[in-house]
Amino acid sequence: MDKSTKDKIKNIVGPVNFSDSDEDKLCYSYDGTALLHQLPEAVVFPDDEDQISRLMQLANEEHFNVVPRGAGTGLSGGAIPVENSLVVVMTKWDKILEIDDRNLTVTVQPGVITGKLQSEVEKFELFYPPDPGSMSVCTIGGNVANNAGGLRGLKYGVTKNYVLGTEMILPNGDLLKTGGKNVKDVAGYNLRDFIVGSEGTLGIITKILLKLIPQPTNSITLLAYFDRLLDSAQAVSDIISAHITPCMMEFLDNTTLNCVEDYTKIGLPRNSEAVLLIEVDGRGSIVREDAETVTRIMKKNNASFIRTAADLEEALLLKTARRSAFSALARKRPTTILEDATVPRSELPVMIGKVTEAAKKFDVTFGNFGHAGDGNLHPTCLTDERDNLEITKAHKAFDFIFNEAIKLGGTITGEHGTGLAKKQFLEQVAGIPGIEMMKKIKSVIDENNILNPGKIFSISPRCEGSLPSSRDQINDFVK
Amino acid sequence: MNDHPKSALLGVLPNDDILSQCIHCGLCLSSCPTYELTKLERSSPRGRIRMIKAVAKGEMQITDTFADEMQFCLDCQACETACPAGVKYGTMVEAARVEIENAGFGSKSGRLIKKIALKLILASNNNLKIAAKVLYFYQKLGVQKLLHKIGIFKLLSVKLYEIDEIAPAVSKKFSKKLIPEITKPGGQVKYQTAFHTGCLMDVMFAEINKDTVDVLSASGCKVYNPKEQVCCGSLHAHNGDIETAKTLAKKNIDAFEKFDYQFLISNSAGCGAFMKEYDKVLADDPVYAERARKFSQKVKDITEFLAVEKPIKNYGEVNKTVTYHDACHLAHTQKVVSQPREVLKSIPGLKIKNLEEADWCCGSAGIYNIIRYDDSMQILNRKMNNIKNTEAEIVLTGNPGCIQQIKYGAKKYNINVKVIHPITLIKQSILNNNNNS
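Set out below in structure tokens:
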């Protein structure tokens, strides 16, 4: 990017909202994804929609790429800069614009922190359920762009189930408004749902309208200890078969629970092969009945002990501990490659077995945890990026895990997004017609491919002969 | 970025593993007071670690921006509490500060204040006392009030005026005059304790030291107060002068070894935190490593000692509404969070109001409020708002810097609240019990 282009960018956003210092470029060269990083050419913090629109137009004229970014906690490389790119940081757009108590909606700017949004609406006894592990930090804009999930996805669904409307600046600079406060709205194509999960490749989200629900009044949180990993998986299947839908049903294997215990010191059973964290919630006596049924099923599946949270404070401790799992695993090794292979719930026990098999077969260490109730696992490879040989083995293990997940009717990513990290596997899940349709849509909306290009898929002629074989090619791309 | 020769940072840091442990997940961001102010990644722990890594590996040079961000950091270590991976952020930022100091970066006036404060005054007992005496007479003889009235400081510089206000009023008598080298309890000796008077605590808050020793001796502790003890060295270490810190650490080890004790009591969060780290500071010293390990093991914050050993059997009634502010070096560095609260809960009649963001830094942060006054005030503003919302009569906090900063905040924002050390309240409670029995 030459100086005159940078000057034009600076003119649009003003000098205080622009930086191309080495320090800032470095600090926006990564997100939460392991191994991937790339320096941008410059970073901006736009003030309003008009500035973003003009930046997009300039990008088309001057042929640079635009990469939108929230808090940078993503785990698929969605916010990592690409070649010749300008990072557009949206963290300063952090206002809650309206809480509508009559329609049960909230209107927010994209930089609002998810956890903050939740605590604000809870003051009105309203509830915004999606709760990704990073909710104390991540932004709602990033959640919408990645269709983020979380612990409560099992009962309450994921981000897409709560987005009623969006505003975003398209790559040509136009402002697109979708959806609204209507509970029912079938006018035209469902563009709103199509934007959710588009990973910043179709536009930069500037405003979000979210649905809220009444806050559940009762909840019971249980932690069940298992001496055998597979017993815990079977217990999950049995609870689902018993037609009980807890609000969360989280699984942690022995490696993970030990790391979490090292951090939180809340008395997790270090010798258990696995624990299940289960919360049932709702209104009235049904909550207690559900908890009793869950307890019975756990015992039937050889749970060695069941700990019931004495109060909300203890329940919060247990859930916060669970949310720290991914980062806590870094206590073991400095590089933690986290994936989110997901299978139909009935296949969970098989999939857990496959992760153990992958670890043995490729001689790498895994910590495994995840949203057992919805089949969304987070097998995390504990490795060290300074050891090339081990990283190669880790990639092979993940290839194996993804292939096995797909064979079981699963998918390569349940909630993190495709981004850079998983795009080589997308074709196996979406199929060639699926990917081709995505590419066509992208090229119509973003004619010059300036907005977050190379994420989800690459727009380039299809390779003749063999497909790209490994992550090395992704790494080459981002270098 | 160009290739530069490898920085000495890697030499300062214990090893590359510490640099590599951050997985840049970002969970630290919301805990960081400076990131909350700027929303810039480079003002966050994650961003700073990335920059330190780049400097350490020679990918980036130390620049003004780099130096500024390292000094902007409060070193409150709230990010270490927030970090599930256990990243040693404090170690890294302190190592970076050593590098910055060596490379001669930072504003000239800031460096001068630091140099005078750290090298000349704090490092020597006598100099500190002479400085304190001068300050005392300056404050007590009305010179300060007179100058304030004339507004001469305002004319010179608003900042200098404000800094003068932050400087605590000097105690009339220093600890050594108030506390003998050995204090025996009234009854039977149940615990052998040693007491670190601290440097600032000694001259600015000698009464708190007196209260601490009074409470200890009233609860069956024999208290040793070695004459030769010195400043713990934490302010030096946190500001890049590790060598002076090591010298002070050795002097303290020598001084305390003359006595046989079970617990070394500190009532200053910063000192306690650093003395608990003497083992790491002197780990490579052939003469002191093992002695430092033994020394550090015995260090306990006063509230930690009271909560764990429970030497006080009967607390007397105190009918006050209080709130508790966690000093960073108590909560984040020493992980002493529940103990002071437990002790307070034992006091009958005491109403304890919950303080929102109790463990969020108050902006005092050693000498931060002097060398980065404006930033410190923005952080203090947030703290005072939260304190105001509690409607408490008294704020309790276990660190001299915090006491001073919050006192200053109460005055600045006109909030009617007293700021005292928990031990002062505990002493009151014991006195009330004795009066009633």
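Respectively, the protein sequence lines represent chains R and A.
Note that the numbering used here gives residue 459 to position 459 of the first sequence, counting from 1, and the numbers run on in steps of one.
For the numbering used here, add 1000 to where a residue sits in the second sequence, where the first one is 1.
Virtual Cβ for every residue (Gly too), placed ideally from N, Cα, C.
**Prompt:** Do you know offhand how far residue 1034(A)'s Cα is from residue 1042(A)'s?
**Reply:** Going by the C-alpha atoms only, they are around 10 Å apart.
- request: Only counting runs of 4 or more residues, tell me where the alpha helix (DSSP H) segments fall wholly within the segment 304 to 343 of chain R, in order along the chain.
  value: Within the segment 304 to 343 of chain R, the complete alpha helix (DSSP H) runs of at least 4 residues are 312 to 323, 325 to 328.
Q. Does the beta-carbon distance from residue 1399(A) to residue 1327(A) come in below 8 Å?
A. Cβ distance < 8 Å, so residue 1399(A) and residue 1327(A) count as in contact.
Fill in: Proximal residues to residue 283(R) (C-beta, below 7 Å), its chain only, five neighbours per side dropped
Apart from sequence neighbours up to five positions away, the residues of its chain that approach residue 283(R) with a beta-carbon distance below 7 Å are 216, 217, 218, ordered along the chain.
Practice problem: Check each candidate in 51(R), 384(R), 198(R), 112(R) and name the one with the smallest Cα separation from residue 337(R). | Solution: Ranked by how close their Cα comes to the Cα of residue 337(R), the residues 51(R), 384(R), 198(R), 112(R) have 384(R) in first place.
Discussion item. Looking at residue 1093(A): is its Cβ nearer than 8 Å to the Cβ of residue 1048(A)?
Written reply: It is a contact, given that the beta carbons lie within the stated cut-off.
DSSP beta-bridge partners of residue 106(R):
Partner(s): 99(R), 210(R).
### Query
What three-state label does DSSP hand residue 224(R) in the structure shown?
Correct three-state label for residue 224(R): strand.
### Message
Distance cutoff 8 Å, beta carbons only. Does residue 331(R) sit that close to anything in chain A?
### Response
Chain A, which has a Cβ nearer than 8 Å to the Cβ of residue 331(R), makes this yes.
* To do: Determine the direct distance from the alpha carbon of residue 1277(A) to that of residue 344(R), and round the result to whole angstroms.
  => Each residue's alpha carbon lies about 51 Å from the other.
### Message
Along the segment 107 to 124 of chain R, where does the CB come closer than 7 Å to a CB of chain A? Name the residues.
### Response
Taking 7 Å as the Cβ-Cβ cut-off against chain A, the residues of the segment 107 to 124 of chain R that qualify are 113.
Do you know offhand how far residue 212(R)'s Cα is from residue 185(R)'s? So the two alpha carbons sit approximately 17 Å from each other.
N- and C-terminal bounds of the alpha helix (DSSP H) containing residue 1323(A): Where residue 1323(A) is concerned, there is no enclosing alpha helix (DSSP H), although the beta strand (DSSP E) it sits in stretches over 1321 to 1324.
_8 Å Cβ cutoff, residue 72(R) in contact with chain A_ = Cβ-Cβ to chain A under 8 Å: yes for residue 72(R).
Q: Specify whether the segment 115 to 122 of chain R and the segment 72 to 79 of chain R touch according to this definition: at least 3 beta carbon pairs, one from each stretch, less than 8 Å apart.
A: Because the criterion of three Cβ pairs below 8 Å is not met, the segment 115 to 122 of chain R and the segment 72 to 79 of chain R do not touch.
Under 8 Å between C-beta atoms of residue 420(R) and residue 96(R): No, the pair does not count as a contact, with Cβ atoms beyond the cut-off.
Hey, out of 171(R), 187(R), 199(R), whose CA is closest to residue 147(R)'s CA? Here the closest residue by C-alpha is 199(R).
Note down, in chain order, all residues in the segment 379 to 391 of chain R with a beta-carbon under 8 Å from any beta-carbon belonging to chain A. The segment 379 to 391 of chain R vs chain A, Cβ under 8 Å: 384, 385, 386.
Quiz item: Rounded to the nearest angstrom, how far is the Cβ of residue 1206(A) from that of residue 1264(A), given a contact under 8 Å?
Solution: About 19 Å; that fails the 8 Å criterion.
Beta-bridge pairing of residue 1384(A) - partner residues as DSSP gives them: DSSP lists no partner for residue 1384(A).
Checklist entry - Mind pulling the chain A residues with CB within less than 9 Å of residue 15(R)? => result Contacts between residue 15(R) and chain A, judged by CB atoms closer than 9 Å, are missing: the closest CB pair is about 15 Å apart.
Positions along the segment 46 to 64 of chain R whose CB lies within less than 7 Å of some CB in chain A: Here the close residues number zero.
| query | For residue 298(R), which three-state DSSP category applies? | reply | In the structure shown, residue 298(R) sits in a helix (DSSP, three-state: H, G or I).
* Classify residue 1318(A) as helix, strand or coil using the three-state DSSP reduction. => It is coil, neither helix nor strand.
Residue-level contact to chain A via CB, residue 311(R), 8 Å cutoff: So no, residue 311(R) is outside the interface.
Under a CB-based cut-off of 8 Å, is residue 1092(A) close to chain R? Using a CB distance cut-off of 8 Å, residue 1092(A) does not count as an interface residue toward chain R.
Residue 5(R) to residue 174(R) span [Cα, whole Å]
Straight-line spacing of the CA atoms in residue 5(R) and residue 174(R) works out to 21 Å.
- Task: May I ask you to report which of helix, strand or coil DSSP gives residue 40(R)?
- Result: Per DSSP, reduced to three states, the secondary structure at residue 40(R) is coil, with no helix or strand assignment.
### Message
Can you give me the C-alpha to C-alpha distance between residue 351(R) and residue 52(R), rounded to a whole angstrom?
### Response
A direct Cα-to-Cα measurement between residue 351(R) and residue 52(R) gives close to 44 Å.
Review point. Going by the CB atoms, is the gap between residue 1259(A) and residue 1229(A) shorter than 8 Å?
Key: No, the Cβ-Cβ distance between residue 1229(A) and residue 1259(A) is not below 8 Å.
task = With DSSP as the reference, please indicate the residues paired to residue 1351(A) in a beta bridge.
result = 1321(A).
Any Cβ of chain R within less than 8 Å of the Cβ of residue 1357(A)? Output row for residue 1357(A): interface = no.
_Alpha carbons only, please: which of 150(R), 21(R), 240(R) is nearest the one belonging to residue 1062(A)?_
Selected option, being the one with the closest Cα: 21(R).
| query | Among 1375(A), 1349(A), 1338(A), 1325(A), which has the Cα closest to the Cα of residue 1387(A)? | reply | Comparing alpha carbon positions, the residue from 1375(A), 1349(A), 1338(A), 1325(A) closest to residue 1387(A) is 1325(A).
Starting from residue 1263(A), follow its DSSP beta bridges and name the residues at the other end. Note: residue 1263(A) sits in a beta bridge opposite 1193(A).
Query raised in the report: So the beta strand (DSSP E) residue 162(R) belongs to, where does it begin and stop?
Result: That residue, residue 162(R), is in no beta strand (DSSP E); it is neither H nor E in DSSP.
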